[in-house]
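Data block below; observations after.
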Amino acid sequence: MSIVLDRLTKRFGAQTIVDRVSLEVADGEFFVLLGASGSGKSTILRLIAGLTQPDAGRILLQGRDVTHLPPQQRDTGFVFQNYSIFRHMSVADNIEFGLRIRRVPPAERARRREELLDLVDLAGLGARYADQLSGGQRQRVALARALAYEPNVLLLDEPFGALDVKIRAQLRRSLKAIHDRLGVTTILVTHDQEEAFELADRIGVIERGHLLEVGAPEELYTRPRSLFVATFLGAGTVFVGRARGGQAHFGLLALPIPAETPHEDDERVQVLLRPEEVTLTPDRPADDRLVLGQGRVVEQNFTGPLRRLRLRLPQLAATRQLAPPPPFGEEGLLVDAVLPADLPLPSEDLWVGLRRWHILAPPHPRVLVYDTEAGPLTALALARALADRLDASVTLVGVAESADGGEALRAALQRRQEEAGLAQAELRIAFGNVMQQLALEQGQALYDFCLLPASDHPATQPVRLSDTVVNLLSRTMTPTLVVKDKDYPLERILICTAAGEPGKSDVRIGGRLARQVGAAVTLFHVTRGASQPTPLARSHLERAAATLRALNVPTEVRFRPAQTPAAGILAEAREGGYGLVVVGSHGPHSRSVFGLDDVTRQVLSGTDRPVLVVPADEG
Amino acid sequence: MTTTTLATPAAPRRRPAALVPVGMLVLVLLPLLLLPLAAVFVFAFRGGLTAFLSALNTQDARFALRFSLLIAFATAIVNAVLGTFAAYVLSKYRFPGERPLGIVVNLPVAIPTVVVGTSLLLLWGPIGLLGRLLEPTGFQPMFTPFGVLLAHLFVTFPYMLGTIKPLLDELETTYEEAAYTIGANRWQTFRHILLPALRGGLFTGALLTFAHSLGEFGATVLVSGNLRLRTQTAPLYIFAQFEAGNLAAANAVAAVLALLSFVIFFFLLRYTGRRTEGRL
Chain A
76 MSIVLDRLTK RFGAQTIVDR VSLEVADGEF FVLLGASGSG KSTILRLIAG
126 LTQPDAGRIL LQGRDVTHLP PQQRDTGFVF QNYSIFRHMS VADNIEFGLR
176 IRRVPPAERA RRREELLDLV DLAGLGARYA DQLSGGQRQR VALARALAYE
226 PNVLLLDEPF GALDVKIRAQ LRRSLKAIHD RLGVTTILVT HDQEEAFELA
276 DRIGVIERGH LLEVGAPEEL YTRPRSLFVA TFLGAGTVFV GRARGGQAHF
326 GLLALPIPAE TPHEDDERVQ VLLRPEEVTL TPDRPADDRL VLGQGRVVEQ
376 NFTGPLRRLR LRLPQLAATR QLAPPPPFGE EGLLVDAVLP ADLPLPSEDL
426 WVGLRRWHIL APPHPRVLVY DTEAGPLTAL ALARALADRL DASVTLVGVA
476 ESADGGEALR AALQRRQEEA GLAQAELRIA FGNVMQQLAL EQGQALYDFC
526 LLPASDHPAT QPVRLSDTVV NLLSRTMTPT LVVKDKDYPL ERILICTAAG
576 EPGKSDVRIG GRLARQVGAA VTLFHVTRGA SQPTPLARSH LERAAATLRA
626 LNVPTEVRFR PAQTPAAGIL AEAREGGYGL VVVGSHGPHS RSVFGLDDVT
676 RQVLSGTDRP VLVVPADEG
Chain B
4 MTTTTLATPA APRRRPAALV PVGMLVLVLL PLLLLPLAAV FVFAFRGGLT
54 AFLSALNTQD ARFALRFSLL IAFATAIVNA VLGTFAAYVL SKYRFPGERP
104 LGIVVNLPVA IPTVVVGTSL LLLWGPIGLL GRLLEPTGFQ PMFTPFGVLL
154 AHLFVTFPYM LGTIKPLLDE LETTYEEAAY TIGANRWQTF RHILLPALRG
204 GLFTGALLTF AHSLGEFGAT VLVSGNLRLR TQTAPLYIFA QFEAGNLAAA
254 NAVAAVLALL SFVIFFFLLR YTGRRTEGRL
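Okay, here's the thing in structure tokens:
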């Protein structure tokens, strides 16, 4: 292996720019790091060259650990986007600089210089200076300069970024040819998908410091695992539906889920439809198992050989659109398709079917955090822990009473967000009624968890639950974390269960969370007065424990006699050193007139630990 | 609507309306700048060239001019090195206290030179804070050529820094990083990559330092003790001769100083002019 990166990490302040990136690049490979600007891809290149020091992780070049070596001793060739040709030196002197530093005799230097000038098609221009060269020529000089001393690896940081399209295409071909000839292990960083496809043996897609996926261009295009890679590499339509019984459901359409991307029941499932995999027919196909529905062409673009079409279809039940981005305030699903440009459109209304589709890996959990200026920072700390351990994407929502207070609130929340190390989380400011806005936000996106502080005034009224908490819990169908102003490590989770509860979703969701954060679970039951649970409760606990064991979560079962269930739960939560208490809650239809059932409410008021309230399944 | 665009090279036509403001400007500048400059030469050559030369040809005058040139030369060289070093550190390293330090090193332009002289005396003088400690060694920097050099280094320090630091700041960091990845160490990078890029700035900064040192008066008069044939610089000589009523001697040296300044200024103007042209 020419280049090995081992859990490479770089932070700037509270921001993690490169997050545990591991990668192996083979001898002679042309590897492309592809990502949007600010994704951390250039930082990785600078870490390899030694221009930036990592906070953690190791870098091996040709089997040699260079993590703590200065750039001079790493033997890399680096080409910068801005060329950085030494202006006071001629082209020849630029190319020879590395050889002169290495005390190569003049005759040998001259021979090598001519060879390189030839290689990069600049023969005869050795006497020129940078300001007498075009941008493309300068970049060729930079390439020759970096190759002159025969480095072990060649690193190119957006080398064609500042050039126009035609020159770029020329340079790409030259670079490919040079690489084929020299066989030097190369990493190129770019945001240009086309460039990556054309040059790479393998591509690594970087987003927000994470190396999401690595693979050959074709593999990544046809079989991406994540939504980001699916949409970053080429066009396509992505829908979210629900998994059930090994199938992905989008309205009446059910697509089998392949074994390599297993989904649990009720989990969100994303499907990718590349435009060329979508079939369009004027009449309803006879075999309608793979038909999305009838749509109308809303957009068409001529792109030379192909005509790109966008169709709008009626909304499918329990299906949400992720890509192309759904226009605000419009209903229906958008599907992108292509047809050969010389094929006339038979009609504006076409039946949309699937030739192929691709189920993406289960998406990262999404967490909604309601934050206020005065709320405890512990809610944000817990959100950070979830973001880190579940790889969850976090959305912060603040609600201002009016537009006037919006900017101040945004600034305040931004400060808190950075303080809590959540700078990468999305921040949204809504206006008006807190309850309505939170319900709206929950409705617009599927969240796996909602997280909010227990009290609006933690300093003065730590015990009093805010109206927001009470109202939200009496209505929401999203598992909700209520956080007090104390921090506890998420190592042990207490799941409280009682026989005869309408559902088992608290055990399942609590257990899944425990598995993802690597916590141990105590399954807990309060026996009223008696020292042993009833046979009914016992069998319920056994089944719950079996569910947890199936999830591979270390599980312990405990009973405790107490006057009331709430008293028992509170005592256990206090004494057991738990980082999280999970309680169930009835579905909205059967919730009592007070909104929350008593036990849940008493536990929420009484404990100082975070509580996860899991609404029961409907039906 | 009348044309109000400024004269451009494409339209070198002079507008008649410009006569009034230009005339006014010359009228203001005449007594303020031009006449005093002329006066120096008029007075210096009033007695003819031989009188001028003989006024210069006294031992004191020759010493003062030689001493001034020597000090200016030494100041320019020492500050070229110190100023470049300071500019390099301030431009390339990030450290706590960077901003305050950046202000302190530029402070000499703002402090009255007399205050500089006083503070140097209070530090290095025979009863000064450090001067007292030097007493047993028998070395006293004040009232010696070394003391004059100290004062000039202090007063002219910001000029070198001020020309070099912007150049270093402007140079993209990848310029050096390219050299590092190629294998050049910090010194090689400085020597082969940075220094050539700073050549123009070094020349400009050194000339500025030289010019300011040549004319320095306020600090010098205090730390030198104004000892003839020992620490008397040209400006001090002019002042002393004036006080003694020896106008011819004073004027002759003043004319030489003015001439030197013109020459330096001419070089500065040509050099910086060429550089900005090249950039446009």
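Order-wise, the sequence lines are chains A and B.
If you want my numbering, it's the 1-based position in the first sequence plus 75.
If you want my numbering, it's the 1-based position in the second sequence plus 3.
Note that CB positions come from ideal geometry on N, CA and C, so glycine has one too.
From a predicted model like this one, the values you see are computed outputs, not experimental measurements.
Our contact map puts residue i next to residue j with C-beta atoms below 8 Å; I'd like the distance itself, whole angstroms only.
i, j, result
"residue 497(A)", "residue 469(A)", "6 Å"
"residue 43(B)", "residue 257(B)", "5 Å"
"residue 549(A)", "residue 541(A)", "Residue 549(A) to residue 541(A), Cβ: 13 Å. No contact."
"residue 440(A)", "residue 558(A)", "At roughly 17 Å, the Cβ-Cβ gap does not stay under 8 Å, so residue 440(A) and residue 558(A) are not in contact."
"residue 306(A)", "residue 435(A)", "Incorrect: roughly 10 Å between the Cβ atoms, too far for contact."
"residue 92(A)", "residue 284(A)", "5 Å"
"residue 159(A)", "residue 217(A)", "7 Å"
"residue 426(A)", "residue 366(A)", "6 Å"
Nearest to residue i by alpha carbon, out of the options?
i, options, result
"residue 82(B)", "256(B), 213(B) and 134(B)", "213(B)"
"residue 196(A)", "249(A), 170(A) and 82(A)", "249(A)"
"residue 132(A)", "85(A), 91(A), 107(A) and 147(A)", "85(A)"
"residue 80(B)", "253(B), 244(B), 216(B) and 255(B)", "216(B)"
"residue 561(A)", "455(A), 247(A), 491(A) and 637(A)", "455(A)"
"residue 659(A)", "598(A), 494(A), 651(A) and 255(A)", "598(A)"
"residue 608(A)", "544(A), 635(A), 292(A) and 596(A)", "635(A)"
"residue 98(A)", "277(A), 159(A), 245(A) and 255(A)", "277(A)"
"residue 177(A)", "224(B), 62(B), 182(B) and 135(B)", "182(B)"
"residue 192(B)", "181(A), 175(A), 268(A) and 340(A)", "175(A)"
"residue 232(A)", "689(A), 143(A), 270(A) and 603(A)", "270(A)"
"residue 274(A)", "215(A), 255(A), 378(A) and 83(A)", "255(A)"
"residue 486(A)", "289(A), 447(A), 587(A) and 517(A)", "447(A)"
From residue i to residue j, what distance separates their C-alpha atoms?
i, j, result
"residue 240(B)", "residue 90(B)", "35 Å"
"residue 79(A)", "residue 151(A)", "14 Å"
"residue 94(A)", "residue 137(B)", "59 Å"
"residue 437(A)", "residue 445(A)", "25 Å"
"residue 200(B)", "residue 189(B)", "15 Å"
"residue 143(B)", "residue 108(B)", "25 Å"
"residue 334(A)", "residue 555(A)", "31 Å"
"residue 211(B)", "residue 505(A)", "60 Å"
"residue 203(B)", "residue 29(B)", "33 Å"
"residue 344(A)", "residue 178(B)", "48 Å"
"residue 544(A)", "residue 527(A)", "7 Å"
"residue 169(A)", "residue 236(A)", "22 Å"
"residue 665(A)", "residue 572(A)", "The predicted position of residue 665(A) is uncertain, since its pLDDT is 47 and thus under 50; no value can be drawn from it."
"residue 68(B)", "residue 135(B)", "32 Å"
With burial defined as no fewer than 16 other Cβ atoms inside 10 Å of the residue's Cβ, what is the status of residue i: buried or exposed?
i, result
"residue 176(B)", "exposed"
"residue 231(B)", "exposed"
"residue 253(A)", "buried"
"residue 27(B)", "exposed"
"residue 96(B)", "exposed"
"residue 282(B)", "Any reading at residue 282(B) must be qualified, since the residue scores a pLDDT of 39, below 50, and its modelled position is unreliable; no value is offered."
"residue 78(B)", "buried"
"residue 512(A)", "buried"
"residue 254(B)", "buried"
"residue 163(B)", "buried"
"residue 653(A)", "buried"
How far does the alpha helix (DSSP H) with residue i in it reach, from first residue to last?
i, result
"residue 107(B)", "101–109"
"residue 441(A)", "Segment 441–445 is the beta strand (DSSP E) holding residue 441(A); no alpha helix (DSSP H) there."
"residue 299(A)", "That residue, residue 299(A), is in no alpha helix (DSSP H); it is neither H nor E in DSSP."
"residue 191(B)", "189–192"
"residue 617(A)", "610–625"
"residue 329(A)", "Here residue 329(A) belongs to no alpha helix (DSSP H); instead the beta strand (DSSP E) covers 328–331."
"residue 241(A)", "240–257"
"residue 494(A)", "478–494"
"residue 116(B)", "116–127"
"residue 173(B)", "148–173"
Can you tell me where the beta strand (DSSP E) with residue i in it begins and where it stops?
i, result
"residue 428(A)", "424–429"
"residue 411(A)", "408–415"
| said: Using a Cβ-Cβ cutoff of 7 Å, what residues of the region 174–190 of chain B are near chain E? List them in chain order. | reply: Included in the structure are the protein chains A and B, with no chain E among them.
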